[in-house]
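J.:
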Amino acid sequence: MNDHDNRNESAEHGDGERVVVRDRRRIDPVTGEVRAPVGEPAGDAPEAGEPEQPVGPDAVASAELAAQVAERTADLQRVSAEYANYRRRVDRDRESVLVGARVQFVSELLTVLDDLDRAESHGDLTGAFKSVGDKLVAVVQKLGLEPFGSVGELFDPSVHEAVQHEAGTDEGPTVTVVSAVLRRGYRIADRVLRPAMVTVVDRADDGTLTEPAQDPVSPEPDPAVEP
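Residues are numbered in the numbering used here as their position in the sequence shown, beginning at 1, plus a constant of 2.
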């Protein structure tokens with residue numbers, strides 16, 4: 003092989019390979035600044051795909067504390083709700099006991115109130131007796147006693163006791179109404195102490211009938227008592 007062939011072979015190898023020149027000088031000849039070492043990353047930013055650093059003990063303690071606070075808050079809310087329900091039950095039971103005591107006391111006075119009603123309807127409740135009767139009525143009203151029962155209201159078996167039922171002569175749909183009140187009924191709050199004793203009659207429903215009265219009404223004369 004002659005020199006001409008060697009030069010051709012060298013040229014062929016030279017065309018297939020790329021010569022890389024690295025400047026390893028620490029001082030940049032142009033800027034005069036110190037260069038960073040070759041192969042080291044610039045800055046502290048982590049490489050892509052690099053695993054995260056382990057969480058420190060302070061972060062773990064903070065997470066545990068937050069979980070405990072959330073748990074204690076939930077416990078406090080639950081206890082507060084239970085206490086509120088307990089207070090409502092206690093208040094309801096206390097009110098029921100108070101109403102029961104008033105009912106028991108006032109029930110003993112109903113016959114006295116009946117006597118006052120009869121005396122007033124006959125014109126015998128006058129002078130000092132009327133003053134005493136008015137004071138007694140005021141006392142029981144302060145305790146929540148309410149009389150009920152009036153002529154013309156619809157008959158309600160839950161608050162009326164019918165002792166006489168008259169058949170009506172009207173044609174078409176009829177309803178049963180109170181025709182006379184023989185003895186007033188009484189209630190305290192939602193408790194009926196005594197139903198009203200009434201007579202009833204069937205009457206045509208003309209749309210003008212009323213529900214059982216809630217307000218105090220004047221008693222009707224008791225036919226069982228002679229003047």
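Every residue, glycine too, gets a C-beta built ideally from N, C-alpha and C.
Given the structure is predicted, the values throughout are model-derived calculations rather than measurements.
Who are the Cβ neighbours of GLU163 in its own chain at under 6 Å, not counting the five residues just before and after it?
T.: PRO197, MET199
J.: Buried or exposed: which applies to SER152, given that a residue is buried once 16 or more other Cβ atoms fall within 10 Å of its Cβ?
T.: Taking all protein chains shown into account, SER152 has 16 or more neighbouring C-beta atoms within 10 Å of its C-beta and is therefore buried.
J.: Do PHE150 and GLY187 count as a contact pair if the criterion is CB distance below 7 Å?
T.: Using a Cβ distance threshold of 7 Å, GLY187 and PHE150 count as a contacting pair.
J.: For VAL219, name the three-state secondary structure that DSSP assigns.
T.: Reliability of the predicted coordinates at VAL219 is poor, the pLDDT of 41 falling under 50, and the value obtained from them is presented with this limitation in mind. DSSP places VAL219 in coil when its eight states are reduced to three.
J.: In whole angstroms, give me the CA-to-CA distance for ARG91 and TYR85.
T.: Between the alpha carbons of ARG91 and TYR85 lies a distance of about 10 Å.
J.: Taking PHE150 as part of the beta strand (DSSP E), name the residues at either end of that continuous run.
T.: 147 to 150
J.: Give, in chain order, every unbroken run of the beta strand (DSSP E) that is at least 3 residues long and sits entirely within the region 86 to 173.
T.: 147 to 150, 162 to 168
J.: What are the boundary residues of the beta strand (DSSP E) that VAL32 is part of?
T.: Note, VAL32: premise wrong, no beta strand (DSSP E); not H, not E.
J.: Identify the residues that DSSP records as bridge partners of ARG185: which are they?
T.: MET199
J.: Between the C-alpha atoms of PRO175 and ALA206, what's the straight-line distance to the nearest angstrom?
T.: One Cα belongs to PRO175, the other to ALA206, and the distance between them is close to 6 Å.
J.: Of the residues SER98, VAL142, GLU97, which one's Cα is nearest the Cα of THR113?
T.: VAL142
J.: Quickly, what does DSSP pair THR75 with across the bridge? List them, please.
T.: For THR75, which the question treats as bridged, DSSP gives no partner whatsoever.
J.: Under the three-state reduction of DSSP, which class applies to ARG193: helix, strand or coil?
T.: DSSP places ARG193 in strand when its eight states are reduced to three.
J.: To the nearest angstrom, how far is it from the Cα of GLU191 to the Cα of LEU100?
T.: In the sequence on display, residue 191 carries Ala and not Glu. Straight through space, the alpha carbons of LEU100 and ALA191 are spaced by roughly 11 Å.
J.: Which of the three DSSP states, helix, strand or coil, is assigned to ARG26?
T.: coil
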